[in-house]
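Using this note's numbering, read the sequence shown as starting at -16 and increasing by one per residue.
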Amino acid sequence: MPVNLSNGKPLAWDSPGLDADTKAMLDNLQPNILQAHVREHLSVLFVHFDDGPDGKRFLRGLVALMKSARKHLEEVRAFNKTQAPGTPYVGVGISKLGYLKLGHSTTGFTDNAFKSGLKRRKDTLSDPPVSSWEAPYQKEIHAVVLIGDATEAPVTATRERVLALLPASATIVGEETGQGLRNAQGRGIEHFGYIDGRSQPLFLADQVAEESGHNWTPFFPLSHVLAADPLAPKPSRHMGSYLVFRKLEQNVRAFRQAEEDLADGLGLAGADRALAGAMLVGRFRNGTPLRLHGKPSSDGHPVQNDFSYRDDLGSKCPVSAHIRKANPRDSKDGGLERILGVMMARRGQTYGTRTDTPWDDAPPQTRPTGGVGLLFMAFNASLQAQFEFTQQTWADNPDFPAEGSGHDPVTGQGKRDVKVVFPKVWGGDEFGSPQPQVPQTVTLKGGEYFFMPSLAYLKSL
Ligand code: HEM
């Protein structure tokens, strides 16, 4: 019996009654897909193979440094009980061109976006031309190796071990270093200063049990993140996931200036000025959802995620806010079912160092204009139906969720002609005059689509 991906229940991964196929799936699935792996320090290596058989040997050699999803979940459990640190994360993804270089056919892969490669999706995604990407990303990338841990030393040591396996015929064409950014309370933030990674689709029973809500259910079936590995010995039990990797540079100065200009435009004074940025993101910097509160109230409390946009036409959370565009939850025009089909497992990490304090109110001119951003990564069962759909049909579409809603102010790409409206007072009935959408402050510097194959496939090479 193949693994049941559409089971209506979260996966009880440690249940003694688990069937043999699901057990085999967990023993052969890479970590970081079903549950985020700690990657406070992250090294990302992009590899080009000149020789297929050498490439296969390299990938097979990496298995010795990798662990399964089950091993990772056991490590997480041990850590929660005794604080015992786990082993480093090593993840491997292969691009469509990579599979061809290894001598495989890609006909078994069902995702057309993957089979095109990111460079050829620029029109769909309104991406900047490939000629403007950073040089390494303009090259042909065959594989990506992700190395992550809580501290730097194991990442450095594991990176050395990976490089030691690299054959002379392969080249590291590019490399990124991710480094977690944390606010004064130690919570993970992105470079505009906002708590990130709070809202995630949850697949596992222990995770769902910790976070069940009345207004929003974070549970999603495995079919939203897993896909059969067509080249594995048994695709019905050996699974993988499609990874989107996009290096997104953030112009923090321009975004902070846009927040100030919007606060002026809306006549906000004093502590209320924080509302301007919250109306762009959908949460205050400390994660407080604008749908629930008009003031940042999360400090020292858990960051809430149990909310929907039912009964809010934008008087609390504007319809153009990033988190509302990227996950409309059960708003009027998007049925829960459709939305459930789109959520991807976001596993990004910030890059670049800062000399300022990212979460404070210092003026925009003290902020970086480049060199910092997000290594956006997300796992999908279908790149077309999840990542691309979110970017193209929601973020870049000014008529979503309703006509004239405007672009996503954070990640929207394309011409921002449509003006946006904001409530005059948080929760009030009156809306202010239409404002031009804030300028684009996030720029794609390059990326690629990969498939994260099963360990069974890697061992078979
Ligand atoms: C530099 C670029 C980006 C920044 C600064 C950013 C920032 C944020 C922040 C601050 C949150 C709120 C934290 C949370 O709810 O988990 C968030 C949530 C989210 N973002 Fe982004 N993001 C970026 C790129 C993207 C992209 C490219 C996509 C997809 C195309 C995306 C999709 C989402 C989704 C789905 C959520 C969760 C919304 C929810 O469930 O309520 N983000 N992002």
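C-beta: ideal position from N, C-alpha, C; glycine also.
Check: Counting C-beta neighbours from all protein chains within 10 Å, is the total for R229 16 or more, i.e. buried, or is it exposed?; Outcome: buried
Check: Helix, strand or coil: how does DSSP classify D10 here?; Outcome: helix
Check: Three or more beta-carbon pairs under 8 Å between the segment 379 to 392 and the segment 291 to 310, yes or no?; Outcome: yes
Check: Would you kindly work out how many angstroms separate the C-alpha atoms of D339 and A140, rounded to a whole number?; Outcome: 30 Å
Check: Considering only residues of the same chain and omitting the five flanking positions on each side of R53, which have a CB-CB separation below 6 Å?; Outcome: L9 and D10
Check: By the three-class DSSP mapping on this structure, what secondary structure does I155 have?; Outcome: strand
Check: K50 to Y72, Cα distance in whole Å?; Outcome: 8 Å
Check: Closer than 7 Å to a non-hydrogen atom of ligand 1 - does that hold for the CB of L357?; Outcome: yes
Check: Is N310 close to ligand 1? I mean its beta-carbon at under 7 Å from any heavy atom of the ligand.; Outcome: yes
Check: Measuring straight from C-alpha to C-alpha, what distance separates H284 and E173?; Outcome: 19 Å
Check: Which residue from V128, Y334 and G163 puts its Cα closest to that of A156?; Outcome: Checking the displayed sequence, the identity of residue 156 turns out to be Val instead of Ala. For the residues V128, Y334 and G163, the minimum Cα distance to V156 belongs to V128.
Check: Can you tell me which residues form a DSSP beta bridge with F90?; Outcome: Residue identity differs from the one stated: residue 90 is Thr in this sequence, not Phe. Note: T90 sits in no beta bridge, so no partner.
Check: Using only alpha-carbon positions, find the residue among G410, N380 and F414 that is nearest to R399.; Outcome: N380
Check: Which two residues bound the contiguous beta strand (DSSP E) that contains R229?; Outcome: M222 to Q233
Check: Which ranges does the beta strand (DSSP E) cover as unbroken runs of at least 3 residues, wholly within the segment -9 to 49, from first to last along the chain?; Outcome: 24 to 32
Check: Do A126 and I77 have their C-beta atoms within less than 8 Å of each other?; Outcome: yes
Check: With distance defined between alpha-carbon atoms, name the residue in K102, D106 and G131 nearest to Q121.; Outcome: K102
Check: Identify, in the order they occur along the chain, each residue of the same chain with its Cβ nearer than 7 Å to the Cβ of G223, setting aside the five sequence neighbours on each side.; Outcome: A210, D212, F434, M435, P436 and S437
Check: By how many angstroms is the C-alpha of K217 removed from the C-alpha of G260?; Outcome: 49 Å
Check: Compute the distance between the beta-carbons of L56 and L205, then report whether it is under 8 Å.; Outcome: no
Check: What's the gap between the Cα of N15 and the Cα of D110?; Outcome: 27 Å
Check: Between V21 and G131, which are expected to be in contact by the criterion C-beta below 8 Å, what is the C-beta distance as a whole number of angstroms?; Outcome: 7 Å
Check: Please state if the CB of G356 and the CB of E232 are separated by a distance shorter than 8 Å.; Outcome: yes
Check: What residues are listed by DSSP as bridge partners for N363?; Outcome: Y225
Check: Would you decide whether A47 is buried or exposed? Buried here means 16 or more other CB atoms lie within 10 Å of its CB.; Outcome: exposed
Check: Helix, strand or coil for T349, going by three-state DSSP, please let me know.; Outcome: helix
Check: Identify every residue that forms a DSSP beta bridge with Y334.; Outcome: G161 and G356
Check: If contacts are defined as beta-carbon pairs under 8 Å, then A440 and L149 qualify, I think. What distance do you get, rounded to the angstrom?; Outcome: According to the sequence as given, residue 440 is Tyr; it is not Ala. Actually they are not in contact, since the Cβ atoms of Y440 and L149 sit about 20 Å apart, beyond 8 Å.
Check: Quick check: is any heavy atom of ligand 1 less than 7 Å from the C-beta of T65?; Outcome: no
Check: Tell me the rounded alpha-carbon separation between L85 and S26.; Outcome: 24 Å
Check: Out of S115, N269, E431 and F383, state which residue places its alpha-carbon closest to the alpha-carbon of D343.; Outcome: N269
Check: Tell me the rounded alpha-carbon separation between Y525 and A368.; Outcome: Shown here, the chain extends from -16 to 444; a query on residue 525 therefore has no answer.
Check: Mind checking whether the beta-carbon of D379 lies closer than 7 Å to any heavy atom of ligand 1?; Outcome: no
Check: Mapping DSSP to helix, strand and coil, what is T426?; Outcome: strand
Check: What does the Cβ neighbour count give for H24, buried or exposed, with the cut at 16 atoms within 10 Å?; Outcome: buried
Check: Could you check if E173 belongs to the surroundings of ligand 1, using beta carbon to heavy atom distance under 7 Å?; Outcome: yes
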